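Mind the numbering: the sequence shown is residues 18 to 210 in this note's numbering, read in order. A virtual CB, placed ideally from N, CA and C, is assigned to each residue, including glycine. Every value quoted in this text rests on a predicted model; they were computed, and no experiment measured them. Notes follow the structure.
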Amino acid sequence: MIAIIKYNAGNIRSVQNAVSRLGYKSIITDNSDDIRKADKVIFPGVGEASTAMNYLKERKLDEVILSLKQPVLGICLGLQLMSKFSEEGNTKCLGIFDTVTKKFPSLDKVPHMGWNNFSEFKESTLLKGIDLEDDVYYIHGYYAEPCNETIATCNYIKEFSSVMQKDNFYAMQFHPEKSANVGEQLLTSFLTL
C-alpha cells in the first residue's frame with residue numbers, strides 16, 4: 018500500500034490518480050499509523066510552506082516523516098519542506114536535505130511554469146533510463162539550492178535542485194504526475210525501489 022500524506026496542500030488527487038494508473042493502490046491520509054505501515058510514502062503538494070508546516074506540526078506528522086524507514090518521495094512543496102528552511106513565510110522545515118529553499122529573483126517569468134529538462138544528474142536507481150534531454154513539468158516560485166544530496170539539477174534563472182536523495186528520502190521539484198511518459202517512468206522507479 019502507498020500512503021499519500023494529506024497535509025492541507027493541493028494536487029494530492031492527481032498524484033493518487035497517477036499511482037492508480039500504474040497499478041498501485043494508495044490511500045490519502047494524515048493518520049500516523051497508516052503512514053508508518055505503508056510500503057512507500059508520497060509527500061506531494063502545491064501550497065505555501067508555513068501553512069503546510071503548521072499542519073504537519075499540529076498533527077505531529079513532521080515527527081512521523083522524520084522517523085520513516087521505507088522509501089519516501091517528496092514532490093514540489095514536499096521537496097521544499099524537506100529542506101532546512103524556506104524563505105516562503107520564513108519557515109523552519111524538516112531538515113532532511115542540507116539546503117535552503119529560496120525565492121526565484123524576479124528577473125524573468127516567475128513562477129517557473131512549464132516543461133524543462135535537466136542540466137545534469139548523477140547515477141541513481143531513481144533516474145535509471147532518464148536522459149538530460151527529457152522534459153518534466155514544473156510549477157514553482159521557490160527552489161532548493163543544490164547541495165550534496167542533489168542528484169539532478171535544472172536551470173531556470175538559477176541552477177536548482179530538481180531531484181534529491183538522502184538514504185530512504187527522495188524528492189522531485191517537478192510534478193511527475195503531470196510529466197507524461199518520463200513522469201510515469203520516474204514514479205515507477207520510485208514505486209519499485
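Considering only C-alpha positions, which residue in the set the options is nearest to residue i?
i	options	result
residue 60	28, 42, 41 and 162	28
residue 163	152, 177 and 193	177
residue 92	203, 190, 210 and 201	190
residue 112	57, 83 and 94	83
residue 203	146, 175, 157 and 171	146
residue 54	175, 184 and 86	86
residue 79	88, 128, 65 and 47	47
residue 142	152, 180, 25 and 157	180
residue 118	128, 104 and 126	104
residue 152	183, 40 and 196	196
residue 168	114, 175, 42 and 77	114
residue 183	166, 173 and 174	166
residue 97	76, 188 and 41	188
Buried or exposed: where does residue i fall if 16 or more other Cβ atoms within 10 Å of its Cβ makes it buried?
i	result
residue 73	buried
residue 70	buried
Would the beta-carbon of residue i fall within 8 angstroms of that of residue j?
i	j	result
residue 137	residue 35	no
residue 121	residue 64	no
residue 106	residue 49	no
Counting only the same chain and skipping the five closest in sequence on each side, list residues whose C-beta sits under 6 angstroms from that of residue i.
i	result
residue 144	138
residue 129	155, 157 and 173
residue 31	194
In chain order, what residues of the same chain lie with their CB nearer than 7 angstroms to the CB of residue i, ignoring the 5 residues before and after it?
i	result
residue 116	100, 101, 161, 162, 164 and 178
residue 45	21, 23, 29 and 33
residue 51	20 and 44
If contacts are defined as beta-carbon pairs under 8 angstroms, then residue i and residue j qualify, I think. What distance do you get, rounded to the angstrom?
i	j	result
residue 16	residue 198	This structure gives no information on residue 16, because the portion of the chain shown stretches from 18 to 210.
residue 95	residue 131	20 angstroms between Cβ atoms; not a contact.
residue 89	residue 186	5 angstroms
Excluding the five sequence neighbours on either side, which residues of its own chain have a C-beta within less than 8 angstroms of the C-beta of residue i, listed in chain order?
i	result
residue 39	201, 204, 205 and 208
residue 81	49, 52 and 53
residue 25	64, 68, 69 and 72
residue 109	70, 101 and 102
residue 57	19, 20, 87, 88, 89, 90, 207, 208 and 210
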